[in-house]
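Note that the working numbering has the sequence shown beginning at 17, numbered continuously upward. Where is the CB? At the ideal position from N, CA and C, for every residue including glycine. As the structure is a prediction and not an experimental result, all values here were calculated from the model.
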Amino acid sequence: MLMESGIPVRFDNRLQMVHHKFLVLDGTAVETGSFNFTKAAASAQHAENACVFRNSPRMAATFTGAWQRLWRESDPAS
Numbered sequence: 017m018l019m020e021s022g023i024p025v026r027f028d029n030r031l032q033m034v035h036h037k038f039l040v041l042d043g044t045a046v047e048t049g050s051f052n053f054t055k056a057a058a059s060a061q062h063a064e065n066a067c068v069f070r071n072s073p074r075m076a077a078t079f080t081g082a083w084q085r086l087w088r089e090s091d092p093a094s
């Protein structure tokens, strides 16, 4: 669906699994943790955690750098 919509998709084939879950919002906020971004994970039956750091441009820059490294080191989907 993403590729069909013209959104670039990449795969990191160096490892069997990348389990790095985070969001960077507006270059100032970060959400990270074990939370899976699914409807099931949001239910009360799951013990997930999410840490939200607001007004943290330095932390956002660190996570943005990590994302950019993962993007560079991955391969375009075909």
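Cβ distance (whole Å) where residue i is taken to contact residue j below 8 Å
{"i": "proline 73", "j": "glycine 43", "result": "6 Å"}
Rounded separation between residue i and residue j - CA only
{"i": "histidine 62", "j": "methionine 17", "result": "27 Å"}
{"i": "alanine 56", "j": "asparagine 65", "result": "14 Å"}
{"i": "tryptophan 87", "j": "serine 21", "result": "19 Å"}
{"i": "arginine 30", "j": "alanine 58", "result": "30 Å"}
Element boundaries [beta strand (DSSP E), containing residue i]
{"i": "leucine 41", "result": "38-41"}
{"i": "phenylalanine 69", "result": "66-69"}
{"i": "glycine 49", "result": "45-49"}
Under 7 Å between C-beta atoms of residue i and residue j
{"i": "aspartate 28", "j": "serine 90", "result": "yes"}
{"i": "alanine 76", "j": "valine 34", "result": "no"}
{"i": "valine 25", "j": "phenylalanine 79", "result": "no"}
Contacting residues, own chain, Cβ-Cβ under 8 Å from residue i (five flanking each side not counted)
{"i": "asparagine 71", "result": "Thr44, Ala45"}
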